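*Asks:*
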Amino acid sequence: MVSSADEKRSGPSSSRSHIQQGHNVLFLLPSGEIKSVRVGKNSTVSFGKYGSFNSDALVGQPYGLTYDIIDKKLKVLPPKTMDELEDTDATNELINDGNIVQPLTSLEIEALKQSGVHASDIIKKQIEQHANYTLKTEYSKEKYKKRKEAKFSKTFTTIEPTVHNICEYWFNKDRARIKDIRYDVLALMLNFAGVRPGGRYLVVDEASGLLVSAVLDRLGDSGRLLTICDTESPPAYPVVPLMNFDENFINKTLLSLNWATADENHKPILPPSEPEDGVFMTERQKSRFNKRKKTNGDLYSTRDELFEGGFEALLIASDYEPFSITEKLFPYLVGSAPIVIHSPYIQVVSNVNAEMRHLPQYLGPTITEGWLRQYQVLPGRTHPTMTTSGSGGYILHATKVYDDPNASAVAYQRNKKRKTDTGSSFMTPETLSETETSTKAGAKESTTLLLSIYSTQAAIMGDTSDEKFLNNVITECANNTKLLPDAYSRLVSLFVPGLEHSIKAKAFVALSSICSRHRHLPTEEVDEAGTHNIVHLFLPFIESRLSEVEERPLLEAFSFVGALFSVDWQSGAAIFNRDGFQDTMMDALELYASSSELMHTVASVLASACGFKPSRSNLSSRCIIWLDSTFRHTKDEKVKAAVTLALLKSQTTGNSSELNIPSNEETDVKEREENLFDSLRNILVNSGEHLNHATDAVEGLTYLSTKAHFKNRIVDDDELLKKIISTHRQFKRNPSQPEHFGTMPFGVAALVANLCSYRLRLSEEQAQIERLKKMASGSKSNNKATTTDYDDDEYVRKRGKRLIDLGVVDLLVSITKVTDSSATKSVVGRALLGLIEDKNNRGKILQAGGGKTLMSIIRASHKPKSEESTSELGKAGMEFADLDSIQAMAKLAITASPLQVFGPDTNVSIEAIKPLAYLLLHPSSSLLQQFESMMALTNISSMGPDLATRVTQTEGILSKLEFLLLSENNMIRRAATELICNLVSGSEDAFNRFSGEGDSTTHNQAKSRLHILFALADVDDEPTNLAASGALAILTSSASASKLILELEFEHHRAFRILKQLIHTSTDEGDEETEPKESNLGLVHRGVVCVRNVLVNFSSASERERLASDLVECGMVDGLTGVIKRAGNESISEDILRPTAEALKWLMDSGVNVLA
């Protein structure tokens, strides 16, 4: 600690050199601990084991003295001197520490202390009795004495309340309270701000008043300090009382306002300063109102002083975003006023630095980090200390200057060429110092060169028409013919704004053909090679345009790179990341600052680049600053939409730290997203009838709609949602011109899909993994539990219902009619899948044509049969690219009649079988998709034998179903059994496969399949029992199947017992028979039909005798007679009684007494 008791002070500090009553005094204890104690009148100051004393003994004493506590009284000790220690030959190597080296025990020491022996005598006695003391070096002896003094001494030192000492005390005590401001950093801040006596300063201090205390200390007798805080009353700065300032000085010098009263447009709401009737009831009331009047007057006086300005510096140490504070208080500073900002985090001041650097009113913004190394200073032992603090935070300091638009600048010229890694160069269109003649000459020469290129290409292609040129390029690519360089040059020019939509669409096809061709060269082994090939084709023609100073060639180059991102993003990123490209874009914007076309093109390129990590991570600071500035200032809605999209892509993908969004400030990120959403929303709502001009805004909303909170905001905004859905009218008016709408159909479809998409259904294993992750995250998950999860099924259903009520299905249907893009149709299918998830929506979706739309999407996604396909499904012509649309169709076919879904034309139902079978057979299909495909096929196969036969004849489907009959999942097993039941009922092929008839199956395979059906008829699931026993009832009509069942019975003795359980519904013989449930009657019916069919298929005496014996043994006679008995009291249909009677007659004819 620094002590300067002899330093003479003036003004507010003159009374602080000596201790006074009411002072807050810092005490340095022998242990090195520092305690703060307020010195009251005739009070006791206690330091625990070190003793206590009366505070009056300190009053009037100078700071910096050392005292010894003796019998609760103080004795001033003389200052210690640093004596030179003479080294001796002694070493510590012979020292053997142990209990015997110090015979003085703790009890004896305590007895000495109780008897009043002074600490120095106790230490002296310990030294005398220490066995190894003489063996220690002089340095070790000195350390030993200091340790004992810290333990037994009752001394302390008063510390003078200087800024240095107070800052060091708080930094060691609780550095977070003072925002990590170390005393050396505090000194730098005061020097950067030029704080001096008599000055007027603005301070925003959330460092517990450390900044306020330091500025007040430097002001002396004169000056003004105005602080801005966020409290209604004057802030209580904990550091200020420790400085022991004179109260009159504080009242005269320090003023305070909160952020509301510091706003010139704010009108403070103040309590009345006079009674309503103007009459004071009591003197106390009069005094209270006078105090209010003075407080109100002081407030208005302080506001006037702030608004008059003239402050000489601004110092900030705040948790709030510092640049917004600076902008708020900037008008009240004089010219050349220093601005000093402190933050514990480099990101905060870096963002402010980036903001200031492109604003003319801030001169020389610079970031400084304080560095401090402490030393031990002792004779012969001076060296750095072993430990020190890491950082005292970061300081940004700048100077306010006046921006004079009339000032002239000296013309200058930047380097015209920037060398790239390949030796090529980009020419920067900067404001050049060449003469006007040379500029025009260069432009004329460039134009002549371009015309020459175009003419040459036209001659090669045989026509000057862009459309025919593009047709020829596409044809040449299809024929694998090498294109001339001039063709690549002309293609680069066909993506500029203003071209016909049909030309631009065909140019994209041509570019895609070229890129695909070079991505699949036979010699290509790695992806980088394909990227290099594509870049090598177009780079010379891009660079030649970037070297121009005319706007048209620059537009062509930038537009082409943006298009390349859409077709082959790796190549687009490779060009975007080349040295000088981004600077060229920014230079072009400076050269043509009023060109909205150029601004929109550059913003679109940046938006495309921000969508991919390699280019997003290389985004230059100039581009970031331009995006942020344009977002805040541009009035062009089209440009603003593209800029907003670029900012949004960068922010949502993790590059927000460079966009004035500190990574550790989640609330700032959310606020930024809200601002971007509001911008996109206003652009769309105000876009007029031609919504295709707001494509970027739709894409931006699509990005935001991946977050649950914005999904609900979009759906709850009537004006915005109706505007989006109303685009179907525009689509319907021009269905024959899909290229006219650009990417708008895809963007709208993706937005709807995001709004109505459900959370992914997890398997049990995946759900367990998620639970473990939540357990591992601990407190994080607990914090999030209190927030609303707008992705819950309940909210998704509400959004879907609202979308359907507003006519979103018409929008989705119209999108499929105006686009040939498989990607767009796939997204429409995903959107319909989300809407169809709610059963209550399915009727409205069918009425609006959703079923037909899904079939058209599925047809478009069908891949033709190919023997070269790697999958068996592809070789069979059963491969589709869109599983979501097929699943959506399956859901419709489950809850609605196939006639409603597919119409009366049987061919459409037959067409639907293949995609549904693909959904069932695809290796990546989930259990839910398999279940829904089987349920849909069950409904279709129930429509007639022809459809059931078509399902059966679908390659691989019966084998898959037999495998799923053994699934551990109850719902999958049930759906497979029900489909098998319908197929054996309507398809002869399926009947023969399970009954053993015909040549399609072997004897053992058929018996094994029947065995599985018997097992399923016995599982603990009634719907599965019904389906399995239904299939058996149909199959037992075959003599072949009956013989196989008899073999199963003779081998395992389980078949008849299972049939008996289906017939006999009572579980306990002693229970009174209860009325069978309706579902059980279905099992009874199936059971008696199976028994009757098996019996009538055997007529020989030996077979009848053995069969009758087994039936009697398993209790089948009781089961059959029980059905007859219940018929007297209950309503049992003739369909049950007839086969029951026939079975009993067969038993009677075989000699069984059924009446016993």
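All residue numbers in the sequence shown are consecutive under my numbering, ending with 1212.
Ideal placement from N, C-alpha and C gives every residue a C-beta, glycine not left out.
Since the model is a prediction, treat every value here as computed from it, not as a measurement.
Could you have a look at Phe-109 and say whether DSSP puts it in helix, strand or coil?
*Replies:* Looking at Phe-109 - three-state DSSP - the assignment turns out to be strand.
*Asks:* Output needed for Met-517: all residues of its chain with C-beta closer than 6 Å, excluding positions within five of it in sequence on either side, in chain order.
*Replies:* Interpretation of Met-517 is limited by its pLDDT of 41, a score under 50 that renders its predicted location unreliable; the figure taken from the coordinates is listed afterwards. Excluding positions up to five away in sequence, the list reads Phe-525 and Asn-528.
*Asks:* Rounding to the nearest angstrom, what Cα-Cα distance links Ser-1064 and Glu-1018 in this structure?
*Replies:* Spanning the two alpha carbons is a distance of roughly 10 Å.
*Asks:* Looking only at DSSP bridge pairs, what is Val-259 linked to?
*Replies:* DSSP, once it has assigned bridges, lists Thr-283 and Leu-371 as partnering Val-259.
*Asks:* Closer than 7 Å by C-beta to Leu-902: which residues in its own chain qualify, once you throw out the five before and the five after it? Chain order, please.
*Replies:* If we look at Leu-902 and ignore the five residues flanking it on each side, its Cβ neighbours are Leu-948, Ala-952, Gln-956 and Val-957.
*Asks:* Starting from the C-beta of Glu-492, find all residues in its chain whose C-beta is less than 6 Å away, skip the five residues before and the five after it, and write them out in chain order.
*Replies:* Confidence in Glu-492 is poor, its pLDDT being 36 and thus under 50, which makes the residue's placement unreliable; the coordinate value appears in the next sentence. Excluding sequence neighbours, Glu-492 sits near nothing in its chain.
*Asks:* What are the uninterrupted segments assigned as alpha helix (DSSP H) that are 4 or more residues long and contained completely in the segment 748 to 808, given in chain order?
*Replies:* Within the segment 748 to 808, the complete alpha helix (DSSP H) runs of at least 4 residues are 751 to 760, 764 to 772, 774 to 781 and 783 to 789.
*Asks:* Which stretch, first to last residue, makes up the alpha helix (DSSP H) that contains Lys-524?
*Replies:* First-last of the alpha helix (DSSP H) with Lys-524: 522 to 534.
*Asks:* Would you mind sorting Ala-659 into buried or exposed? The rule is 16 or more other CB atoms within 10 Å of its CB.
*Replies:* Flag for Ala-659 reads buried.
*Asks:* How close, in whole Å, do the beta carbons of Thr-1230 and Arg-1029 come, if the pair is a contact with beta carbons under 8 Å?
*Replies:* This structure gives no information on residue 1230, because the portion of the chain shown stretches from 57 to 1212.
*Asks:* Quick one: Cα of Ser-50 to Cα of Gly-863, how far?
*Replies:* Past the boundaries of the shown model lies residue 50; the chain is included only from 57 to 1212, so the question cannot be answered.
*Asks:* Expressed to the nearest angstrom, what Euclidean distance is found between the alpha-carbon atoms of His-870 and Phe-787?
*Replies:* In the sequence as displayed, the identity of residue 870 is Ser instead of His. So the alpha carbons of these two residues sit roughly 6 Å apart.
*Asks:* Quick check on the DSSP output: the beta strand (DSSP E) that includes Ser-92 runs from which residue to which?
*Replies:* Its beta strand (DSSP E) spans residues 90 to 94.
*Asks:* Would you tell me roughly how many angstroms separate the C-alpha atoms of His-3 and Gln-638, rounded to the nearest one?
*Replies:* Outside the shown range of the chain (57 to 1212) lies residue 3, about which nothing can therefore be said.
*Asks:* In the DSSP assignment, find the beta strand (DSSP E) that holds Phe-379 and state where it starts and stops.
*Replies:* No beta strand (DSSP E) contains Phe-379, which is instead part of the alpha helix (DSSP H) from 378 to 385.
*Asks:* Ordered along the chain, which non-local residues of its own chain (more than five positions away) have a Cβ less than 6 Å from that of Leu-506?
*Replies:* Note that Leu-506 has pLDDT 38, beneath the 50 cutoff, so the model's placement of it is unreliable and the number below is only indicative. Closer than 6 Å at Cβ, skipping near neighbours: no residue.
*Asks:* If I measure Cβ to Cβ from Gln-985 and keep anything under 6 Å in the same chain, skipping five residues before and after, which residues do I get?
*Replies:* Gln-943 and Leu-975.
*Asks:* Between which two residues does the beta strand (DSSP E) harbouring Glu-425 extend?
*Replies:* Here the beta strand (DSSP E) through Glu-425 covers 418 to 425.
*Asks:* Is there contact here, the segment 350 to 359 with the segment 382 to 393, by at least three beta-carbon pairs under 8 Å?
*Replies:* No, they do not touch.
*Asks:* For Ser-399, write down the residues that DSSP places opposite it in a beta bridge.
*Replies:* Ser-399 pairs with Tyr-450.
*Asks:* Kindly provide the ranges of any alpha helix (DSSP H) runs that are 4 or more residues long and lie completely inside the segment 203 to 254, ordered along the chain.
*Replies:* Those alpha helix (DSSP H) runs which fall completely within the segment 203 to 254 and span 4+ residues are 219 to 230 and 239 to 249.
*Asks:* Pick helix, strand or coil for His-1120, following the three-state DSSP scheme.
*Replies:* Three-state result, His-1120: coil.
*Asks:* The beta strand (DSSP E) with Lys-131 in it runs from where to where?
*Replies:* Note, Lys-131: beta strand (DSSP E), 129 to 133.
*Asks:* Does the Cβ-Cβ distance between Lys-696 and Ser-651 come in under 8 Å?
*Replies:* Not a contact, by the Cβ cut-off of 8 Å.
*Asks:* Which residues in the same chain as Phe-733 place their Cβ atom closer than 8 Å to its Cβ, once the five residues preceding and following it in sequence are excluded?
*Replies:* Taken in chain order, the residues that qualify are Leu-757, Leu-760, Phe-766 and Arg-769.
*Asks:* I believe Val-52 touches Ala-1199 by the beta-carbon criterion, under 8 Å. Please report the beta-carbon distance rounded to the nearest angstrom.
*Replies:* Since the first residue shown for the chain is 57 and the last is 1212, residue 52 is missing from the structure and cannot be characterised.
*Asks:* Beta-carbon within less than 8 Å of Ile-530's beta-carbon, same chain only, minus the 5 sequence neighbours each way: which residues are those?
*Replies:* Here the set comprises Lys-562, Val-565, Ala-566 and Ser-569.
*Asks:* Can you list, in chain order, the residues of its chain whose CB lies under 7 Å from that of Thr-1033, leaving out five sequence neighbours each side?
*Replies:* Cβ neighbours of Thr-1033 beyond the five flanking positions: Leu-1021, Leu-1072, Thr-1080, Ala-1083 and Ala-1084.
*Asks:* Can you tell me the Cα-Cα spacing of Val-1208 and Ala-1062, whole angstroms?
*Replies:* Rounded to the nearest angstrom, the two C-alpha atoms are 31 Å apart.
*Asks:* Per DSSP, what kind of secondary structure is Ala-430 in: helix, strand or coil?
*Replies:* According to the sequence shown, residue 430 is Gln rather than Ala. Three-state DSSP puts Gln-430 in coil, outside helix and strand.
*Asks:* Could you check if Asp-643 is buried or exposed, using at least 16 other CB atoms within 10 Å of its CB as the buried criterion?
*Replies:* Its Cβ being crowded by 16 or more others within 10 Å, Asp-643 is buried.
*Asks:* What residues in its chain sit with their C-beta under 8 Å from that of Ser-264, if we drop five residues either side in the sequence?
*Replies:* Same-chain partners within the cutoff: Trp-226, Arg-233, Ile-234, Tyr-293, Pro-294 and Val-295.
*Asks:* Among Glu-727, Val-725, Thr-762 and Lys-694, which residue has its Cα nearest to the Cα of Asn-738?
*Replies:* The residue with the shortest Cα to Cα distance from Asn-738 is Lys-694.
*Asks:* Who pairs with Asp-124 in a beta bridge, going by DSSP?
*Replies:* Answer is Lys-131 and Thr-211, bridged to Asp-124.
*Asks:* Give the DSSP bridge partners of Phe-83, in chain order.
*Replies:* For Phe-83, which the question treats as bridged, DSSP gives the partners Lys-91 and Thr-214.
*Asks:* Is the segment 264 to 273 touching the segment 411 to 422 in the sense that three or more CB pairs, one from each, lie closer than 8 Å?
*Replies:* No: the two stretches stay apart, fewer than three of their Cβ pairs being nearer than 8 Å.
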